[in-house]
Amino acid sequence: MKYEEIISALREDGWILVRQNGSHRQFKHPVKPGKVTVPYHGNNKEIHPKTLKSILKQAGL
């Protein structure tokens, strides 16, 4: 899965970008607890499967 696809899925679920530090972007949901950290190394780069699994788990997707 590519970065663009992950961001689209998070935004559709209501996650909002709240912070960026270097190559990492953090998203917060108005209702769900916690934050989701997504590495950014270009829109068309594939995200490692284990990293993707962690992002989806954090987001509750």
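Each residue of the sequence shown is one higher than the one before, counting from 1 in the numbering used here. Yeah, the Cβ is synthetic: ideal placement off N, Cα and C, and Gly gets one too. Here the structure is a predicted model, which is why all the values come from computation and not from measurement.
The shortest CA-to-CA distance from Val-31 to any of Gln-20, Asp-13, Arg-25 and Tyr-40 is the one to Asp-13. Taking C-alpha positions only, Glu-5 is separated from Pro-33 by approximately 22 angstroms. Boundaries of the beta strand (DSSP E) harbouring Leu-17: 16 to 21, taken from the DSSP string. In chain order, Gln-26 and Lys-28 place their CB closer than 6 angstroms to the CB of Lys-35, counting only its own chain and leaving out the 5 sequence neighbours on each side.
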